[in-house]
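The sequence shown begins at 1 in UniProt numbering and counts up by one.
Just below is one structure, and these are the notes that go with it.
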Amino acid sequence: MSLSSLPVALWGIGRHATRRLLPAIEQSKSLKLVGVCTRNMDLGQTTATNMQCDYYGTPEAMLADERIEAVIVSTPTGLHQQHGVAVLSAGKHLLCEKPFAHSHQSTVDLFELATKTGRRAVGALMYKYHPQFKKLKSLIQQGTLGELRALSIKFGMPALNANTFRDDPTLGGGAALDMTCYPLSLAYQLLPRPPILRASSVMTRDNSNTDTDGWCGLELDGVVVDCHWGMGRAYQNNLEVWGSKGVLRCERVFTKEEDHESQLVLYDHRGNKETEINTGPANAYVLMFDTISANLNNSDFFDSERGETEWCAGITDQILRES
Ligand SMILES: NC(=O)c1ccc[n+]([C@@H]2O[C@H](COP(=O)([O-])OP(=O)(O)OC[C@H]3O[C@@H](n4cnc5c(N)ncnc54)[C@H](OP(=O)(O)O)[C@@H]3O)[C@@H](O)[C@H]2O)c1
């Protein structure tokens with residue numbers, strides 16, 4: 001198998017797959033799209049024609065195709081476990097959209113199955129592959145801000161269209177499941193060890209079927225992490241890192257268009273703006289696909305991803321249980 005062209009199929013052609021995954025798969029030199037699977041025949045056939053690949057009307061047809069080595073799952077969150085089991089049991093690698101699964105137990109079960117079948121399983125949290133995040137992580141690790149005191153993370157967006165899976169508890173809807181994987185992953189990535197959940201709250205507004213808003217506070221050795229998330233509010237996904245000698249602000253830390261000129265802004269110990277560091281535009285999805293494909297034979301990479309994904313799922317469970 002050539003690592004430069006991993007044969008993949010895409011399961012689910014919803015909003016996210018159409019806007020982000022298909023264009024990134026097309027751009028990525030490390031993947032070869034063999035086919036797409038959706039129950040919507042017209043959409044499937046049109047997409048297959050546009051992408052010059054096959055269309056599968058059923059998951060069984062897709063999973064029986066021996067050319068396919070990995071499946072990218074972009075179906076509703078509440079189905080990730082069921083679909084992940086089908087992919088791994090068919091002997092394919094699993095690249096699953098965020099959140100990887102709907103609970104800690106289902107997350108652990110999927111990774112266990114991957115070990116048993118000798119296949120790779122990994123969650124698709126693309127922000128980690130963007131040069132903006134890589135630069136901010138290296139600045140923090142180099143001690144540019146002195147000792148860490150606090151991370152403040154805000155991720156919110158306007159209300160989504162009604163009648164999507166996010167409104168449906170049986171399909172894994174709700175803001176906590178949808179959004180907490182980002183700030184929790186960020187805290188895991190930036191701190192030397194996983195922090196402890198100290199407090200949290202989850203809210204439901206406007207008679208929604210699922211939770212719409214929440215916050216949590218975590219702590220590690222006196223470093224405080226506060227996270228806010230919610231739907232039905234102005235868009236932002238920002239990070240502020242507060243150190244003993246400086247402050248770093250990072251806008252659009254999780255999601256951005258590929259032509260977005262990303263930046264990090266540093267402030268000195270008196271609060272004066274010191275430097276703007278340009279980290280450029282990039283397509284984080286393409287970089288994610290390329291990195292995952294290049295690491296297919298590197299167990300350390302997948303073990304480390306598994307540790308982070310299981311920890312995040314455990315904290316999300318705790319937040320939902322305690323609210
Ligand atoms: N990484 C990111 O930036 C990002 C951004 C947005 C979303 N996501 C994630 O991507 C995933 C998909 O989100 P989306 O916004 O694209 O959702 P969506 O628009 O509702 O699309 C879901 C897809 O799942 C398919 N599906 C298969 N079985 C289904 C079933 N039993 N019921 C409903 N749908 C079924 C649907 O295809 P058919 O009905 O045609 O079969 C549809 O194509 C979610 O896990 C979400 O969290 C990630």
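Ideal placement from N, C-alpha and C gives every residue a C-beta, glycine not left out.
Model, not experiment: these values are computed from the prediction.
Going by beta carbon distance, what residues of the same chain come within less than 6 Å of residue i, once the five residues before and after it are set aside?
i, result
"arginine 205", "Thr212"
"methionine 1", "Any reading at methionine 1 must be qualified, since the residue scores a pLDDT of 39, below 50, and its modelled position is unreliable; the value itself is stated next. Closer than 6 Å at Cβ, skipping near neighbours: no residue."
"tyrosine 129", "Ala284, Leu287, Met288 and Thr291"
"asparagine 272", "none"
"alanine 114", "Leu88 and Ala121"
"phenylalanine 133", "Tyr127"
"aspartate 259", "Pro281"
"glutamine 45", "Tyr55"
"histidine 228", "Lys154 and Trp215"
"arginine 321", "none"
"glutamate 305", "Val122"
"lysine 32", "Ser5 and Pro7"
"isoleucine 25", "Leu31 and Leu33"
"arginine 20", "Tyr285"
"asparagine 295", "Phe301"
Below 8 Å on the Cβ atoms is my guess for residue i versus residue j; work out the distance and round it to an integer in Å.
i, j, result
"glycine 246", "glycine 146", "7 Å"
"aspartate 290", "serine 74", "That belief does not hold up - the Cβ atoms of aspartate 290 and serine 74 are roughly 18 Å apart, past 8 Å."
"threonine 77", "glycine 172", "3 Å"
"valine 225", "alanine 187", "5 Å"
"leucine 239", "leucine 151", "7 Å"
"threonine 47", "glutamate 310", "At roughly 33 Å, the Cβ-Cβ gap does not stay under 8 Å, so threonine 47 and glutamate 310 are not in contact."
"serine 323", "serine 201", "6 Å"
"glutamine 142", "aspartate 109", "No, glutamine 142 and aspartate 109 are not in contact; Cβ-Cβ is about 38 Å, not under 8 Å."
Going by CA-CA distance only, name the one from the options that's closest to residue i.
i, options, result
"glycine 35", "Arg20, Gly91, His80 and Thr58", "Thr58"
"leucine 10", "Ile319, Val85, Trp229 and Leu95", "Leu95"
"methionine 319", "Pro183, Gln189, Gly78 and Gly14", "Note on residue identity: the sequence assigns isoleucine, not methionine, to residue 319. For isoleucine 319, the nearest C-alpha among the options comes from Pro183."
"glycine 118", "Ser323, Asp303, Trp311 and Ser103", "Asp303"
"residue 324", "Thr18, Glu322 and Gly78", "As shown, the chain starts at 1 and ends at 323. That puts residue 324 outside it, with no answer to give."
"serine 89", "Lys98, Gln105, Pro99 and Val71", "Val71"
"alanine 176", "Val241, Pro99 and Leu148", "Pro99"
"glutamate 69", "Thr47, Gln82, Asn40 and Ala121", "Ala121"
"phenylalanine 155", "Trp215, Glu276 and Thr164", "Trp215"
"glycine 14", "Asn278, Asn40, Phe301 and Thr279", "Asn40"
"leucine 43", "Leu218, Gln141, Met203 and Gly12", "Gly12"
"leucine 218", "Arg249, Gly243, Pro194 and Phe111", "Pro194"
"glycine 307", "Asn278, Glu60 and Glu112", "Glu112"
"residue 379", "Leu79, Pro23 and Gln105", "Outside the displayed span of the chain (1 to 323) sits residue 379, for which this structure offers no information."
"serine 30", "Leu6, Gln52, Arg270 and Pro23", "Leu6"
"threonine 210", "Asp168, Asp268, Met179 and Ser293", "Asp168"
"histidine 16", "Gly84, Leu63, Asp178 and Cys53", "Asp178"
"phenylalanine 254", "Lys116, Asp268 and Asn237", "Asn237"
"glycine 243", "Thr144, His93 and Gly174", "Thr144"
Go to residue i, then tell me how far its beta strand (DSSP E) extends in each direction, as first and last residue.
i, result
"glutamine 52", "Segment: none, glutamine 52 is in no beta strand (DSSP E) and carries neither H nor E."
"glycine 280", "273-280"
"glycine 123", "121-124"
"leucine 296", "First-last for leucine 296: undefined, no H or E at that position."
"lysine 32", "31-37"
"serine 262", "262-267"
"isoleucine 72", "70-73"
"glutamate 97", "93-97"
"proline 76", "First-last for proline 76: undefined, no H or E at that position."
"valine 253", "Run containing valine 253: none; DSSP gives neither H nor E here."
"alanine 9", "6-11"
Ignore the nearest five residues each way along the sequence and tell me which others in residue i's own chain have a CB closer than 7 Å to its CB.
i, result
"alanine 160", "Note on identity: in this sequence residue 160 is leucine, with alanine being the wrong assignment. Excluding sequence neighbours, leucine 160 sits near Arg166 and Met231."
"serine 103", "Ala313 and Asp317"
"alanine 124", "Leu95, Cys96, Glu97, Lys98 and Met288"
"threonine 164", "none"
"aspartate 300", "none"
At what residues does the alpha helix (DSSP H) containing residue i begin and finish?
i, result
"glutamate 308", "299-322"
"valine 87", "80-89"
"leucine 110", "104-117"
"alanine 24", "22-27"
"glutamate 60", "59-64"
Could you pull out every residue in the same chain whose Cβ sits closer than 8 Å to the Cβ of residue i, ignoring the five residues on either side in sequence?
i, result
"tyrosine 235", "Gly156, Met157 and Pro158"
"lysine 137", "Gln189 and Leu190"
Indicate, with yes or no, if ligand 2 has a heavy atom lying under 7 Å from the CB of residue i.
i, result
"alanine 24", "Among the ligands modelled here, namely ligand 1, ligand 2 does not occur."
In chain order, each beta strand (DSSP E) run of at least 3 residues that lies wholly inside the UniProt domain "GFO/IDH/MocA-like oxidoreductase" (133-248): 148-157, 196-203, 213-220, 223-231 and 236-243
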